[in-house]
Every structure is written in structure tokens, then in C-alpha cells.
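When you line the sequence shown up against our numbering, it's residues 6 to 173, in that order.
Since the structure comes first, as C-alpha cells, the remarks are kept for the end.
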Amino acid sequence: MLKILPNDTNDGILSVERIRGLPGYPGEERIEKGSVVVIECDEDIPCNPCEDICPENAITVGDPITNLPRIDPEKCDGCIVCISICPGLCMFVLHKNYSDSESLIYLPYEMYPLPEKGDEVKGCNRKGEIVCKARVQKVIKGKKLDKTSIIAISVPKAYYEVVRAIKF
6 MLKILPNDTN
16 DGILSVERIR
26 GLPGYPGEER
36 IEKGSVVVIE
46 CDEDIPCNPC
56 EDICPENAIT
66 VGDPITNLPR
76 IDPEKCDGCI
86 VCISICPGLC
96 MFVLHKNYSD
106 SESLIYLPYE
116 MYPLPEKGDE
126 VKGCNRKGEI
136 VCKARVQKVI
146 KGKKLDKTSI
156 IAISVPKAYY
166 EVVRAIKF
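Spelled out as C-alpha cells, the structure:
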């Protein structure tokens, strides 16, 4: 069963509806086209490493540095470079139409042990609740990622906006 949190939660967890209203949301039309970043940041804090690292200049914060990051969805090619640089772990690259039945989600991962390609894991929503089965398609790690690995998981398409973490 698809679990979407209401707009007015008081627990600090962003609802899907709230995320769709953020300047880091690329829009449903762009999500249909292929891999693109979704920036789930709603904190007015001084932060802009995503703007500095984006090779396509698709992410802007501007002045003041406390602006929310904004995505230019037509410039973003879903390169995943921004995921591991985000100190808030709030950047995800979505490929909604990875297959006829599955979406691919690239997410930041800072736990050990790392899963391995092919592992079946549990896909969790923003509250950490298990919502579906997922399969690890790729694990990207290395010194350049500054201890934040990137995990690519495939999930049933119905969960592409819901799953943001995994459990073994």
C-alpha cells in the first residue's frame, strides 16, 4: 500500500505534496523524460555545495546563500555528482521509467556495511517505514565521495516519490 504523508505533519518530515512545491522539484513532466535530480531541501541555511559542483549549472542557490536550491530541469542530466556533496542528504536522482514496472532511485548512503549489487533490500519512506521491496542495482563509493556512498535501487514505479532509504 502506498504511504504518502499529509501536508501538515508536525514531525519534521516533508510530505510528497510539500516536496512538489519546492524549487528543487523538477516537475512531473521532466521526471517522465529520464534521470533528473530532486532536491528535497526546505531549510533556510547557508549552503551551496550543490550549486558549486553541478557540471551543467542546473542548480542555483544565488544570493543570499540561504536561498533554497533551485533546479533548472532542462539543464539537469541526472549525473548524480550532487548527491554525495549535500550535507543534508536531501538530493536524489530519479529515473522513473527505468523499466516498464520499475523506477531507479540514486540515494546517499552513510551506513555500514554497504549493500552489494543484486541485494534485495527493503525500501523505506521518509519516516523509515518499510513500504516495498527494492533491489540494489549499483553501489558507488570512493574517496572523492567524502564518505557518502551512493546506492542505486530499483523499486516498483508506484514508490518512486516515496522511497528515500533502505533497510537490510
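Ideal Cβ placement from N, Cα and C applies to all residues, glycine included.
Query, Result
"Does DSSP put residue 131 in a helix, in a strand, or in coil?", "coil"
"Whole angstroms are fine: how far does the CA of residue 130 sit from the CA of residue 7?", "Summary for residue 7: the model assigns pLDDT 43, below 50, so the residue's position carries little reliability, and this model does not support an answer."
"Just to confirm, are residue 101 and residue 149 a CB contact at a threshold of 8 Å?", "no"
"Does the structure place the stretch 86-104 close enough to the stretch 47-60 that three or more beta carbon pairs sit under 8 Å?", "yes"
"For residue 73, which option in 147, 46, 33 has the closest C-alpha, if you only look at C-alpha atoms?", "46"
"Helix, strand or coil: how does DSSP classify residue 103 here?", "coil"
"When you compare only the Cα positions, how much space is there between residue 127 and residue 61?", "33 Å"
"My output table needs one value for residue 74: the three-state DSSP class, helix, strand or coil.", "coil"
"Within the same chain, show all residues whose beta-carbon is closer than 7 Å to that of residue 63, passing over the 5 residues directly before and after it, in chain order.", "76, 77, 80, 81"
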